[in-house]
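Here the sequence shown stands for residues -23 to -1, 1 to 886, numbered as in mature numbering (1 follows the signal peptide of the UniProt record, and there is no 0).
For glycine and all other residues, C-beta sits at the position ideal for the given N, C-alpha and C.
All remarks here apply to the structure that follows.
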Amino acid sequence: MEAQVGAFTVALVLVLIIQCGLAQNVNLSSGGEWSALLNLRSSLGLRGRDWPIKANPCTNWTGVQCDRNGRVIGLSVSGLRRTRAGLIQPQFAVDSLANLTRLTSFNASGFSLPGSIPDWFGQRLSALQVLDLRFASIIGPIPQSLGGLTSLHSLFLSGNDLSGSAPSSMGELSKLSILDLSRNSLTGSIPSEFSSLGKLTILDLSSNFFSGSVPPGLGTLSRLKFLNLSDNSLTGSIPVQLGKLSQLVELNLSKNFLSGSLPSEFTGLRSLRVIDIGGNGLEGPLPDGLFSRLAQLRVVVLSGNKLDGGLPGALWSIPNLQLLDLSGNKFTGVLPSPSSNVSTSNAVFSFSNNLLYGNLTSLLWKSRSIDLSRNYFQGRVPESRGNNVTLAQNCLQLPNQRSAEVCTSFYVNRGLSFDNFGAPKPSPPVLESESGSKNRLIFILVGIFGGLGFIVLLILVLVVFLKWRNKGTGNQRGTENVGPVPEGVSPSFPKDPIYLSGLGQSFTYEQILQFTSDFSETNLIKHGHSGDIFKGFLGGGIPVVIKKVDLSSCKNESYIMELDFFRKVSHTRLVPLLGHCLENENEKFLVYKYMPNGDLGNSLHKVASLGDDGLQSMDWITRLKIAIGAAEFLVHLHHECSPPLVHRDIQASSILLDDKFEVRIGSLSEVHIQEGDANQNVLTRLLRKPQTSEQGTSGAYLHLPRLNASSLAICSQDVYSFGKVLLELVTGKLGISKTDDASTREWLDLTLRCISIYDKELVTKIVDPSLIVDEDLLEEVWAMSIVARSCLNPKPSKRPLMKHILKALENPLKVVRVDSSSSARLRTTSSRLSWSAAFFGSWRHSSSSDIAAIPGYGNRENFSSFKQSGRVGSQGSGGNDFSSSNKRLSSEIFPEPVEMHDLERQDER
């Protein structure tokens, strides 16, 4: 779809260039249109350098096109920047467009227009042919009045937060050729009136919340070439009428809740090149002739369903096949072997996680990549098979296979013969006499009861010993509450107090005053949101940091939450708590180990302030080390604590650095147990309000979230904050992680446009100018930027998990380099993905790291030469590379970029 849209854009640009060439010496002829343009310049806050007030708009204003009569026919604000005043309060303020009566094209893609589409759009812009509002931060419903734009042939509204149902009046747009409503929050059923759009060639409704069944009337759109309904909540069976779309090139119905069988009528889709119906609940066998009749197929993804039956031999004979993913189904039987004269060297196959069995032939190794894992194949495999095949978790005579019990049970239940991994089958046991059997039973019972008696006796002895020990040591000082230290005696701490259990030393209020010189202003470090932070010195001059919590202003008693956290959580990346003082009623004190290099924000600030003096800045290796250290602690909170914990205050000031720039995480007063279920069910998603999730109004980069203390405590909140920290490390920009005002969102918008998986040099525009990096280090910077961008996905469910982020930071070059070796393959429960695909939102059911290299497949920017990518246009306004993701499991959206051993799939299917 991208190629078609691109071709259309090129044609439109050529037309406009011709028109502009004819109008080079034409002045704006309408006083009303001059006033309208001036009003737009003011209401949108456009800069004078783009729209200079003393120049002719037809020839000197960026994005304005006039006809030969001096009338405005085209207007594009995509890529234009606002003045400072315009950034303060951007809004959908384009009322003056109503006075441009001959306007045929309006493009605001990537230009922030927070607000709703006004009703008058469909009433006053009757000549409009192209309306492009992609990634413009638009909210609210689509007005019914848009059905009045009877001249419209291209409508782009993707990448916003449009809500409500799609208006049925859009079925009146009889000239419409392209309709893109993807990546919004639209609900309800797909209007049956869409079947009246007889000239439609591209229909993209993906990544919404549409429910109900797929309208059978879509099968009457004979000109349709691209149909994408993926990532919704559609139910019911697939209409057989879709099999009549003879010109259909790409069909994507993945990640819905469709059921029934795959229609046999699909064998008539002779032009089909890409079909993805993965992640549904389809059942039954594959239609006869699906592979033999569709000779144009290049990408076939049917994974994650319940399809069964045998696999046809014709699957090896598709001439242009690049990817066939049938993983995660119930296909059974012997895998048909390709014939010796069939070439599959350019194709990637995935048959993993099925019920296939029997022996394998060496002809399979000729494929570019083939995944046969988690089946029940048996027999010997030649050692010369190469590294393009994955055979784990089968019943083969290889390492890393299923157990003998599982394999034997599978083959016996199906009346098949199992080779027992090449070992001779055990002889049947010799029957013993009845008396011998009784004697053996007696010996077994004696052994069991004797062993139980010994264990009980051992437990009793242990209990008595522990009671005696506690009684004898009850008056000794412990580590959780040791009482006041005698005056003049310095407390003794181990070299690294992180290993102290509990809450450390209990100090008196007098000691706290002594440590801080009566809370002298010279010792004040900063005013924190949970208390004032002071520097202090213990006896012997040991530096510490003391937080003073004033309960009169800190009503939530956050110190209790923090103390409880230290009682239950221990980690080497946690700032050491040396002690506490809780004896005052209105003031509480927490004593931490002093970090010589302060926090990350201070370190970067020092670097920035000294940069003019020619001093060397914080090097890249240190910055990467800091990112990995912070990620390690968040992985512990999110994945190793039960239940998972959310930090909720990750920013540069909460990342503390010791004398070796090792990370210790502080600011723990906001830590909270993860609330709710990050993977909500369908009903929850349909009932949610569009504004209850994290909000924002960033320009081309959708609506970046605003995090606040009242939002739900979910792990993806930490991931978003961590993404901003990564950008601080890459760019050296101060304060990004702690603010979310308009200027910050504008900066994020511009910065994220310079991060692309396809252009390494583009990232040099945002790299901290004080950094000195060679080519290899630049690739690491590029990789961290890619990870940061994935963390900043505006939809929480589409952000990667912290454990995957950590793996990517530990292996940054794998994020940007394609490695076909087996060690570089990435696994999910049913497939493997490239690192770059994992952090740019590639489809959930990819088959291997090789998929990223397939032309036209791998992510939203380059899935096929036909798909609409969601980029905001050719004007350089930026865009978004994220694909629509599965709304069920985040681990399926961002597969783990390391080898994983999955749980055994049960045979109960």
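Assigned exposure category for D265 - 16 Cβ within 10 Å defines buried:
Here residue 265 refers to the residue found at position 288 of the sequence shown. Per the 10 Å Cβ criterion, exposed.
For S720 and S329, what's the separation of their Cα atoms in angstroms?
Translated into positions along the sequence shown, residue 720 becomes position 743. Translated into positions along the sequence shown, residue 329 becomes position 352. S720 and S329: Cα-Cα distance of roughly 48 Å.
Neighbourhood of G505 by C-beta distance below 6 Å, restricted to the same chain and skipping five residues each side:
By 1-based counting over the sequence shown, the position of residue 505 is 528. So no residue of the chain qualifies.
Hey, how far is the Cα of N364 from the Cα of E382?
By 1-based counting over the sequence shown, the position of residue 364 is 387. By 1-based counting over the sequence shown, the position of residue 382 is 405. C-alpha separation (whole angstroms): 28 Å.
To the nearest angstrom, how far is it from the Cα of K343 to the Cα of F98?
Locating residue 343 in the sequence shown gives position 366, where the first residue counts as 1. Locating residue 98 in the sequence shown gives position 121, where the first residue counts as 1. K343 and F98: Cα-Cα distance of roughly 58 Å.
In or out: F859 buried (at least 16 other Cβ within 10 Å) or exposed?
For this step, residue 859 is matched to residue 882 along the sequence shown. Because F859 carries a pLDDT of 34, less than 50, the predicted location of this residue cannot be relied on, and the following value inherits that uncertainty. By the 10 Å Cβ count, F859 comes out buried.
First and last residue of the uninterrupted beta strand (DSSP E) at S327:
Taking the sequence shown and counting its residues from 1, the one referred to as residue 327 is at position 350. In the DSSP annotation of this structure, the continuous segment of the beta strand (DSSP E) that includes S327 starts and ends at 325 to 327.
According to DSSP, what are the bridge partners of Q42?
Here the question's residue 42 lines up with position 65 in the sequence shown. Answer by DSSP bridge pairing, in chain order: G51.
Am I right that N76 and A13 are in contact with their C-beta atoms under 8 Å? What's the rounded C-beta distance?
Here the question's residue 76 lines up with position 99 in the sequence shown. Here the question's residue 13 lines up with position 36 in the sequence shown. Indeed, because the Cβ distance is near 4 Å, the residues count as touching under 8 Å.
Exposure label - R250; buried when at least 16 CB within 10 Å:
By 1-based counting over the sequence shown, the position of residue 250 is 273. With 16 or more Cβ atoms within 10 Å of its Cβ, R250 is classed as buried.
Uninterrupted beta strand (DSSP E) stretches inside the region 248 to 281 (no shorter than 3 residues):
251 to 253, 276 to 278
According to DSSP, is D473 part of a helix, a strand, or is it coil?
As a first step, residue 473 must be located in the sequence shown, where it is residue number 496. Its pLDDT being 35, under 50, D473 is placed unreliably by the model, and the measurement read from it follows with that caveat. In the three-state scheme derived from DSSP, where H, G and I count as helix and E and B as strand, D473 is classed as coil.
Other residues of its chain near L880: CB distance less than 7 Å, five sequence neighbours each side excluded:
Here residue 880 corresponds to residue number 903 of the sequence shown, with the count starting at 1. Because L880 carries a pLDDT of 33, less than 50, the predicted location of this residue cannot be relied on, and the following value inherits that uncertainty. Apart from the 5 residues on each side of it in sequence, L880 has no Cβ closer than 7 Å to any other Cβ in its chain.
Of the listed residues L235, L279, L271, S269, nearest to G255 (C-alpha basis)
Numbered from its first residue, the sequence shown carries residue 255 at position 278. The shortest C-alpha separation from G255 is found at L279.
For the alpha helix (DSSP H) containing H781, name the first residue and the last one.
Here residue 781 refers to the residue found at position 804 when the sequence shown is read from its first residue. Here the alpha helix (DSSP H) through H781 covers 779 to 787.
Round the Cβ separation of G92 and F112 to the nearest angstrom and send it over; I've been treating them as touching at under 8 Å.
Your numbering for residue 92 matches position 115 in the sequence shown. Your numbering for residue 112 matches position 135 in the sequence shown. Not quite, the Cβ-Cβ distance comes to about 15 Å (not below 8 Å), so this is no contact.
D626 - DSSP class collapsed to helix/strand/coil
As a working mapping, residue 626 is identified with position 649 in the sequence shown. It is coil, neither helix nor strand.
Buried or exposed: E487, going by 16 or more other Cβ atoms within 10 Å of its Cβ?
Residue mapping note: residue 487 aligns to position 510 of the sequence shown, counting from 1. With fewer than 16 other Cβ atoms within 10 Å, it is exposed.
V793 to L515 span [Cα, whole Å]
By 1-based counting over the sequence shown, the position of residue 793 is 816. By 1-based counting over the sequence shown, the position of residue 515 is 538. Taking the straight line joining both Cα atoms gives about 49 Å.
May I have the straight-line CA-CA distance separating L298 from A104, to the nearest angstrom?
Working through the sequence shown from its first residue, we reach residue 298 at position 321. Working through the sequence shown from its first residue, we reach residue 104 at position 127. If I take the Cα positions, the gap works out to 44 Å.
How should R160 be labelled, buried or exposed, when 16 other C-beta atoms within 10 angstroms of its C-beta is the threshold for buried?
Sequence index remark: in the sequence shown, residue 160 carries index 183 (1-based). Counting Cβ neighbours within 10 Å, R160 comes out buried, since at least 16 surround it.
Can you give me the C-alpha to C-alpha distance between F88 and I215, rounded to a whole angstrom?
Numbered from 1 along the sequence shown, position 111 holds the residue referred to as residue 88. Numbered from 1 along the sequence shown, position 238 holds the residue referred to as residue 215. Using only the alpha carbons, I get a separation of about 37 Å.
Would S236 and G258 qualify as a contact pair, given that the criterion is a beta-carbon distance under 7 Å?
The residue given as residue 236 occupies position 259 in the sequence shown. The residue given as residue 258 occupies position 281 in the sequence shown. Going by C-beta atoms, S236 is nearer than 7 Å to G258.
Restricting to Cα atoms, I'd like to know which of S55, L177, G281 is closest to S199.
Along the sequence shown, one-based indexing puts residue 199 at 222. Out of S55, L177, G281, L177 has the C-alpha closest to the C-alpha of S199.
Suppose you measure from the CA of I115 to the CA of F234; what does that come to, to the nearest Å?
As a working note, residue 115 is residue 138 in the sequence shown. As a working note, residue 234 is residue 257 in the sequence shown. In a straight line, the C-alpha of I115 is about 28 Å away from that of F234.
Cα-Cα separation between H557 and L480, rounded to whole angstroms:
The count along the sequence shown starts at 1 and reaches residue 557 at position 580. The count along the sequence shown starts at 1 and reaches residue 480 at position 503. Whole-angstrom Cα-Cα distance: 7 Å.
Going by DSSP in three states, R79 sits in which element: helix, strand or coil?
Looking up residue 79 in the sequence shown gives position 102. Correct three-state label for R79: coil.
Could you check how far apart the C-beta atoms of N52 and V41 are, in whole angstroms? I think they sit under 8 Å.
Working through the sequence shown from its first residue, we reach residue 52 at position 75. Working through the sequence shown from its first residue, we reach residue 41 at position 64. Note that residue 52 corresponds to Leu in the displayed sequence, not to Asn. The pair is a contact, with the Cβ atoms about 6 Å apart (cut-off 8 Å).
Inter-residue spacing [alpha-carbon to alpha-carbon] between V3 and R45:
By one-based count along the sequence shown, residue 3 stands at place 26. By one-based count along the sequence shown, residue 45 stands at place 68. One C-alpha to the other measures close to 7 Å.
Rounded to a whole number of angstroms, what is the C-alpha to C-alpha distance between I650 and W293?
Here the question's residue 650 lines up with position 673 in the sequence shown. Here the question's residue 293 lines up with position 316 in the sequence shown. Inter-residue distance for I650 and W293 is about 51 Å (C-alpha atoms, whole angstroms).
Following the continuous alpha helix (DSSP H) through H602, name the residue where it begins and the one where it ends.
On the sequence shown, position 625 is the one that residue 602 refers to. The residue asked about is misnamed: residue 602 is Lys in this sequence, not His. Note, K602: alpha helix (DSSP H), 597 to 612.
Tell me which same chain residues have a C-beta within less than 6 Å of the C-beta of G117, skipping the five on either side of it?
Along the sequence shown, read from residue 1 onward, the residue named residue 117 stands at position 140. S93.
Where do the ends of the beta strand (DSSP E) carrying Q218 lie?
Position 241 of the sequence shown, counted from the first residue, corresponds to residue 218. It is not in any beta strand (DSSP E) - Q218 carries neither H nor E in the DSSP assignment.
Delimiting residues of the beta strand (DSSP E) encompassing T309
For this step, residue 309 is matched to residue 332 along the sequence shown. Segment 307 to 311, the beta strand (DSSP E) holding T309.
Does the beta-carbon distance from V552 to Y569 come in below 7 Å?
In the sequence shown, counting from the first residue as 1, residue 552 sits at position 575. In the sequence shown, counting from the first residue as 1, residue 569 sits at position 592. For V552 and Y569, yes; Cβs fall inside 7 Å.
Please look up how many angstroms separate the CB atoms of S142 and G165, rounded, as I've assumed it's under 8 Å.
Taking the sequence shown and counting its residues from 1, the one referred to as residue 142 is at position 165. Taking the sequence shown and counting its residues from 1, the one referred to as residue 165 is at position 188. Indeed, because the Cβ distance is near 3 Å, the residues count as touching under 8 Å.
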